[in-house]
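Working notes for the structure below.
2 protein chains.
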Amino acid sequence: MNKYYSITELTREFGISTRTLRFYEDEGLIHPERRGRTRLFRPADRRLIQEILRGRRIGFTIAEIREIIQVYKDPPGEMGQLQLLMSRVEEKREELRQKRKDIEDTLAELDNVEEACLTRLAEIGVGT
Amino acid sequence: MNKYYSITELTREFGISTRTLRFYEDEGLIHPERRGRTRLFRPADRRLIQEILRGRRIGFTIAEIREIIQVYKDPPGEMGQLQLLMSRVEEKREELRQKRKDIEDTLAELDNVEEACLTRLAEIGVGT
DNA sequence: TTTGACTTTTACGTCAAGGTCAACGATAGT
DNA sequence: ACTATCGTTGACCTTGACGTAAAAGTCAAA
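Same order as they appear, the protein sequences are chains B and V. Under numbering that gives the first Met the number 0, the first residue of the first sequence is numbered 0, with each subsequent residue one higher. Under numbering that gives the first Met the number 0, the first residue of the second sequence is numbered 0, with each subsequent residue one higher.
Spelled out as structure tokens, the structure:
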């Protein structure tokens with residue numbers, strides 16, 4: 000079987016444009032197969048796209064995403080490279096932890112905003 | 000007392016450029032005082048800048064940040080507006096929850112990468 | 001066979017968020 | 001008086017991440 004997805008199938012599933020997927024291919028993030036000129040996406044491509052979009056949502060640039068994909072595709076064998084990678088990973092983690100905290104603080108604030116809205120609505124509702 | 004901060008003082012504290020702060024003023028996010036032409040930032044401005052940067056870190060656009068500031072400065076009094084605001088708030092929360100999940104998944108993955116690195120380093124270390 | 005839906009490449013356009021550069025004013029130290 | 005440091009405005013430049021339009025190929029249904 001090994002099903003293939005068409006490009007529009009994926010754009011619909013993920014709510015992105017064909018331009019975006021072609022752009023990701025140009026940028027070397029994905030490498031769908033071809034039948035003639037048309038792209039054929041396999042489940043593995045689809046999963047990779049999901050991860051790319053996740054990276055995008057948390058604010059990674061294309062370059063960062065490409066770097067991450069690279070590491071998965073061929074992890075460094077040399078010691079210096081490994082240590083470099085680990086320190087880069089630690090940086091990223093610190094960045095993500097900060098972001099998570101920012102999000103939690105903001106979520107808490109939004110709770111307050113909502114509550115203030117409800118209070119205000121109640122006041123208005125009583126008045127009318 | 001009511002201390003004033005100079006522009007460079009703040010750029011150093013927050014690791015941003017003067018251009019960025021002037022840009023934020025142009026965009027109507029902040030309104031520092033003036034003595035002649037030079038900007039004087041008060042503690043309240045400083046705190047606002049912190050919140051702007053937090054918004055930036057979690058991927059809010061300038062327009063979104065401006066909108067949020069607006070709501071704080073003058074919350075809507077009319078009922079329709081309040082309901083609109085609440086639904087917008089709910090949207091944002093959903094977005095942030097998704098982002099938080101993305102971050103947590105990615106943090107977990109980075110844990111794996113780190114572990115793989117350590118394992119590999121141990122293998123190499125033993126060999127030498 | 002014509003319509004419609006899908007696909008392709010190439011290429012220029014756009015938008016946000018600043019960067020960079022020029023030209024200048026105020027103030028303080030030597 | 002000269003230099004450094006810090007401030008200003010204004011204008012154009014850059015970068016990332018696509019959008020959009022042109023021109024054309026493929027394939028199935030009516």
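Quick reminder that beta carbons are idealized off the backbone N, C-alpha and C, glycines included. This structure is a prediction, so every number in the text was calculated from the model and none was measured.
| Item | Value |
| --- | --- |
| N-terminal and C-terminal residue of the alpha helix (DSSP H) that Glu108(B) is part of | 78–126 |
| Three or more C-beta pairs below 8 Å linking the segment 48–63 of chain V and the segment 74–89 of chain V | no |
| Integer-rounded CB distance, given that Tyr4(V) should sit under 8 Å from Phe40(V) | 4 Å |
| Beta-carbon gap between Ile102(B) and Lys98(V) smaller than 8 Å | yes |
| 7 Å CB neighbourhood of Asp44(V) in its chain, flanking five on each side removed | Ile29, Pro31 |
| Cα-Cα separation between Leu20(V) and Thr10(V), rounded to whole angstroms | 8 Å |
| Simplified DSSP state of Tyr23(V), which is helix, strand or coil | helix |
| Beta-carbon spacing of Arg148(B), Glu24(B) below 8 Å | Summary: the structure shown does not reach residue 148(B), with chain B confined to residues 0 through 127, and so no result is reported for it. |
| Neighbourhood of Asn187(V) by C-beta, 6 Å cutoff - its chain only, sequence neighbours within 5 removed | Nothing in the structure corresponds to residue 187(V), since chain V is present only between 0 and 127. |
| Coarse secondary structure for Tyr4(V), derived from DSSP in three states | strand |
| Terminal residues of the alpha helix (DSSP H) in which Leu47(V) lies | 42–56 |
| Classification of Gly79(B) by the beta-carbon crowding that lies within 10 angstroms, buried from 16 upward | exposed |
| Residues of the segment 84–113 of chain B with Cβ closer than 8 Å to any Cβ of chain V, in chain order | Leu84, Met85, Val88, Glu89, Lys91, Arg92, Leu95, Arg96, Gln97, Lys98, Arg99, Asp101, Ile102, Glu103, Asp104, Thr105, Leu106, Leu109, Val112, Glu113 |
| Under 8 Å between C-beta atoms of Val70(B) and Val112(V) | yes |
| CA-to-CA distance, Leu106(B) to Pro75(V), given in whole angstroms | 20 Å |
| Thr17(V) to Leu109(B) span [Cα, whole Å] | 30 Å |
| Where the alpha helix (DSSP H) through Arg36(B) begins and ends | No alpha helix (DSSP H) contains Arg36(B), which DSSP labels as neither H nor E. |
| Euclidean distance between Cα positions of Pro42(B) and Arg92(V) | 31 Å |
| Cβ neighbours of Arg96(B) in the same chain (closer than 8 Å, five flanking residues each side left out) | none |
| Within-8 Å CB hit, Ile15(B) to chain V | no |
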